[in-house]
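Asker: Input: one structure, supplied below.
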Amino acid sequence: MLVIDEFQDLSPLQYRLYKLWRDSQEFDHVIIAGDEAQAIYGFRGSTGRYLRETYCDKSIELSESWRCAPEIVEKAQEIIAGYGYFDETLSSHREDVDEVVDSLPVAGRTAEDLHPVVEKLVADLPRNRSVMILGRTNLDVQRVAKALNDLGYPNQPIVPADSELKSGLWYWETPAPEILHTLRRWLVGEQLYPRYVEKLLSTTDIDHPWVEHAISGSLVKYSKADEGYHEYPELHDGALYSPDIIDEVFDSPESTESVLNNIQLDDTRREALRQALDNTHDIRPDQIRVGTIHSAKGQESARILLLAGYSYRQAQRYRNKPGVEKEERRLYHVAVTRAANQLYIVTKWNGYEPCPIFL
Numbered sequence: 001m002l003v004i005d006e007f008q009d010l011s012p013l014q015y016r017l018y019k020l021w022r023d024s025q026e027f028d029h030v031i032i033a034g035d036e037a038q039a040i041y042g043f044r045g046s047t048g049r050y051l052r053e054t055y056c057d058k059s060i061e062l063s064e065s066w067r068c069a070p071e072i073v074e075k076a077q078e079i080i081a082g083y084g085y086f087d088e089t090l091s092s093h094r095e096d097v098d099e100v101v102d103s104l105p106v107a108g109r110t111a112e113d114l115h116p117v118v119e120k121l122v123a124d125l126p127r128n129r130s131v132m133i134l135g136r137t138n139l140d141v142q143r144v145a146k147a148l149n150d151l152g153y154p155n156q157p158i159v160p161a162d163s164e165l166k167s168g169l170w171y172w173e174t175p176a177p178e179i180l181h182t183l184r185r186w187l188v189g190e191q192l193y194p195r196y197v198e199k200l201l202s203t204t205d206i207d208h209p210w211v212e213h214a215i216s217g218s219l220v221k222y223s224k225a226d227e228g229y230h231e232y233p234e235l236h237d238g239a240l241y242s243p244d245i246i247d248e249v250f251d252s253p254e255s256t257e258s259v260l261n262n263i264q265l266d267d268t269r270r271e272a273l274r275q276a277l278d279n280t281h282d283i284r285p286d287q288i289r290v291g292t293i294h295s296a297k298g299q300e301s302a303r304i305l306l307l308a309g310y311s312y313r314q315a316q317r318y319r320n321k322p323g324v325e326k327e328e329r330r331l332y333h334v335a336v337t338r339a340a341n342q343l344y345i346v347t348k349w350n351g352y353e354p355c356p357i358f359l
């Protein structure tokens with residue numbers, strides 16, 4: 001059996017390979033699955049027409065969403081209405097009444113202008129949940145990641161990729177998350193995760209035996225609950241370090257600032273940590289995932305913040321270049337349907353004009 005998902009995204013070369021497999025007589029059954037309304041890789045030659053034009057013996061059309069709440073499905077339908085992608089109207093399997101779809105014309109260019117929307121997005125966010133913030137371009141992603149850091153909200157890329165890391169999403173790669181977690185717990189006197197402590201101490205330039213052990217990767221390995229290993233910190237309950245380990249190494253620091261000043265990180269990452277530690281929330285970097293709409297394909301989140309602003313050049317391209325509006329509508333259809341419960345559509349931020357789709 002041959003199964004191919006996301007068939008609408010096949011490039012001409014990939015479609016030729018599909019036909020070779022299909023005609024090889026090596027497969028008793030061939031199953032293809034796709035959604036032409038989600039064909040978003042036109043830049044590599046895919047248009048969705050291969051899904052539309054490929055012969056099949058039996059076709060099953062699904063028009064009911066099990067992910068998205070009813071109001072989100074309505075917004076998704078509105079974006080692609082009139083383009084003939086579905087024979088039936090899209091609907092939601094769910095019967096929620098507390099979902100949120102909100103369009104927010106955020107004026108201004110600063111992080112503070114975006115702050116109220118981010119507060120809405122992460123309000124009462126459970127520890128085991130995350131949100132996604134989606135931008136149209138890598139530049140959008142870079143700008144919103146910087147804004148989040150300025151506001152004290154740690155964040156990570158949706159999909160680790162060289163292009164996105166170069167666009168400013170490298171702030172919260174290891175060891176930054178481990179340092180943040182350790183210092184937050186130290187501030188309130190909670191016991192510390194050994195591996196995270198080892199990561200923090202391995203970045204310091206303080207002359208202390210425990211730092212040397214951390215750098216060599218032996219600190220946790222040889223820590224014991226008994227008194228036989230005097231050169232290593234004691235593990236409490238056989239599992240955690242006392243917050244006193246920070247006081248011992250950093251000579252009873254008065255604040256996290258004293259610790260940060262002795263950590264070997266570049267100034268940009270140090271400042272991101274400083275802002276996150278100054279904030280009153282306890283959001284982890286992996287709870288706010290940032291990326292382009294393309295990077296979020298195939299993923300979902302209960303809450304989505306969608307940056308739907310256009311630069312002047314993007315707006316001109318949308319209005320004047322044939323085929324662009326249809327492709328952009330498919331792209332924003334994908335963006336909207338990443339959200340399960342809450343969708344916040346932000347326009348105008350950073351000096352942009354609203355994407356015409358959301359006017």
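Its first residue numbered 1, the sequence shown is counted upward by one per residue in full-length UniProt numbering.
Where a beta carbon is used, it is the ideal one built from N, C-alpha and C, also for glycine.
Could you tell me which of Gln-316, Gln-287, Ile-4, Leu-331 sits nearest to Pro-177, measuring between CA atoms?
Answerer: Considering only alpha carbons, the answer is Gln-287.
Asker: Does Gly-228 come out as helix, strand or coil in the three-state DSSP assignment?
Answerer: Here Gly-228 scores only 46 on pLDDT, less than 50, and its place in the model should not be relied on; the value that follows carries that caveat. In this structure, Gly-228 counts as coil in the three-state DSSP scheme.
Asker: Tell me which same chain residues have a C-beta within less than 8 Å of the C-beta of Gly-228, skipping the five on either side of it?
Answerer: Here the model assigns Gly-228 a pLDDT of 46, short of 50, so the residue's position is not dependable, and the following value carries that caveat. Excluding residues within five positions, none has a Cβ falling inside 8 Å.
Asker: Do the CB positions of Leu-240 and Tyr-232 come within less than 8 Å of each other?
Answerer: No.
Asker: Rounded to whole angstroms, what's the CA-CA distance from Arg-301 to Glu-325? Just pull it up for me.
Answerer: According to the sequence provided, residue 301 is Ser. The question's Arg does not apply to it. Looking at the two C-alpha atoms, the distance is approximately 26 Å.
Asker: Going by DSSP, what residues sit across from Ser-46 in a beta bridge?
Answerer: Ser-46 is not bridged to any residue.
Asker: So, at 7 Å on beta carbons, what are the nonlocal neighbours of His-294 in its own chain, with the 5 sequence-adjacent residues on each side left out?
Answerer: Around His-294: Ile-40.
Asker: Over what stretch of residues does the alpha helix (DSSP H) that includes residue 361 continue unbroken?
Answerer: Since the displayed the chain opens at 1 and closes at 359, residue 361 lies outside it and no answer follows.
Asker: Over the uninterrupted alpha helix (DSSP H) stretch that includes Pro-209, give me the two end residues.
Answerer: Taken as a continuous stretch (DSSP letters only), the alpha helix (DSSP H) holding Pro-209 covers 209-216.
Asker: Count the other CB atoms, across all protein chains shown, that sit within 10 Å of the CB of Asn-261; report buried if there are 16 or more and exposed otherwise.
Answerer: Exposed: under 16 other Cβ atoms inside 10 Å.
Asker: Three or more C-beta pairs under 8 Å: does that hold for the segment 121-141 against the segment 301-321?
Answerer: Yes, since at least three Cβ pairs between the segment 121-141 and the segment 301-321 fall closer than 8 Å, the two stretches touch.
Asker: When the distance is taken between beta carbons, is Val-118 closer than 8 Å to Tyr-171?
Answerer: Contact flag unset, no.
Asker: How far does the beta strand (DSSP E) with Ala-340 in it reach, from first residue to last?
Answerer: Element bounds for Ala-340: 339-347.
Asker: So Leu-139 and Ala-111 are in contact, right, with Cβ under 8 Å, and what is the actual spacing, rounded?
Answerer: About 16 Å; that fails the 8 Å criterion.
Asker: Within the continuous alpha helix (DSSP H) that includes Pro-177, where are the two ends?
Answerer: Where Pro-177 is concerned, the enclosing alpha helix (DSSP H) stretches over 176-187.
Asker: Could you tell me if Ile-31 is buried or exposed, where buried requires 16 or more neighbouring beta carbons within 10 angstroms of its beta carbon?
Answerer: Classification for Ile-31: exposed.
Asker: In whole angstroms, what separates the C-alpha of Gln-25 from that of Arg-284?
Answerer: If you take the alpha carbons of Gln-25 and Arg-284, they lie about 51 Å apart.
Asker: Just to confirm the assignment, what range does the alpha helix (DSSP H) spanning Arg-303 have?
Answerer: No alpha helix (DSSP H) contains Arg-303, which is instead part of the beta strand (DSSP E) from 301-307.
Asker: Per DSSP, what are the beta-bridge partners of Glu-234 in this structure?
Answerer: DSSP output for Glu-234 lists no bridge partner at all.
Asker: Under 7 Å Cβ to Cβ from Leu-114, same chain only, skipping five residues before and after it: list those, please.
Answerer: These residues qualify, in order along the chain: Val-106, Ala-147, Trp-349.
Asker: For Leu-305 and Arg-136, what's the separation of their Cα atoms in angstroms?
Answerer: For Leu-305 and Arg-136, the distance between alpha carbons rounds to 12 Å.
Asker: For Ser-223 and Pro-194, which I take to be in contact (beta-carbon distance under 8 Å), what is that distance rounded to the nearest angstrom?
Answerer: Going by Cβ atoms, the distance from Ser-223 to Pro-194 rounds to 7 Å, so yes, they are a contact pair.
Asker: Check each candidate in Val-3, Arg-329, Glu-36, Val-73 and name the one with the smallest Cα separation from Ala-337.
Answerer: Looking at the sequence itself, residue 337 is Thr, so the reference to Ala does not match. Minimum Cα distance to Thr-337 is reached at Val-73.
Asker: What does the alpha-carbon distance come out to for the pair Ala-145 and Gly-291?
Answerer: In a straight line, the C-alpha of Ala-145 is about 9 Å away from that of Gly-291.
Asker: DSSP has Leu-192 in a bridge; who is on the other side?
Answerer: For Leu-192, which the question treats as bridged, DSSP gives the partners Tyr-241.
Asker: Could you check whether Val-249 and Val-211 sit closer than 8 Å to each other, using their CB atoms as the reference points?
Answerer: Result yes, Cβ atoms of Val-211 and Val-249 sit closer than 8 Å.
Asker: Within a Cβ cutoff of 6 Å, which residues of the same chain sit near Ile-80, ignoring the five residues on either side of it in sequence?
Answerer: The answer, listed in chain order, is Ala-37, Arg-329, His-333.
Asker: Is it right to say Lys-19 is buried, meaning 16 or more other beta carbons lie within 10 angstroms of its own, or is it exposed?
Answerer: That one is exposed.
Asker: Hey, out of Ile-357, Leu-343, Asp-267, whose CA is closest to Leu-134's CA?
Answerer: For Leu-134, the nearest C-alpha among the options comes from Leu-343.
Asker: Are the beta-carbon atoms belonging to Thr-347 and Ser-103 less than 8 Å from one another?
Answerer: Closer than 8 Å, so yes.
Asker: For the alpha helix (DSSP H) that Asp-205 lies in, which residues bound it at each end?
Answerer: Looking at the DSSP string, Asp-205 is not in any alpha helix (DSSP H), and its letter there is neither H nor E.
Asker: Whose C-alpha, out of Gln-156, Glu-61, Gly-351, is nearest the C-alpha of Ala-296?
Answerer: Checked all of Gln-156, Glu-61, Gly-351; the closest Cα to Ala-296 is Gln-156.
Asker: If you draw a straight line from the C-alpha of Gly-238 to the C-alpha of Ile-263, how long is it?
Answerer: Gly-238 and Ile-263: Cα-Cα distance of roughly 27 Å.
Asker: When you compare only the Cα positions, how much space is there between Leu-192 and Asp-244?
Answerer: Near 9 Å, if we compare the C-alpha coordinates of Asp-244 and Leu-192.
Asker: Output needed for Ala-276: all residues of its chain with C-beta closer than 6 Å, excluding positions within five of it in sequence on either side, in chain order.
Answerer: Gly-152, Pro-154, Leu-180.
Asker: Please report the residue range of the alpha helix (DSSP H) in which Pro-12 lies.
Answerer: From DSSP, the alpha helix (DSSP H) with Pro-12 extends over 12-22.
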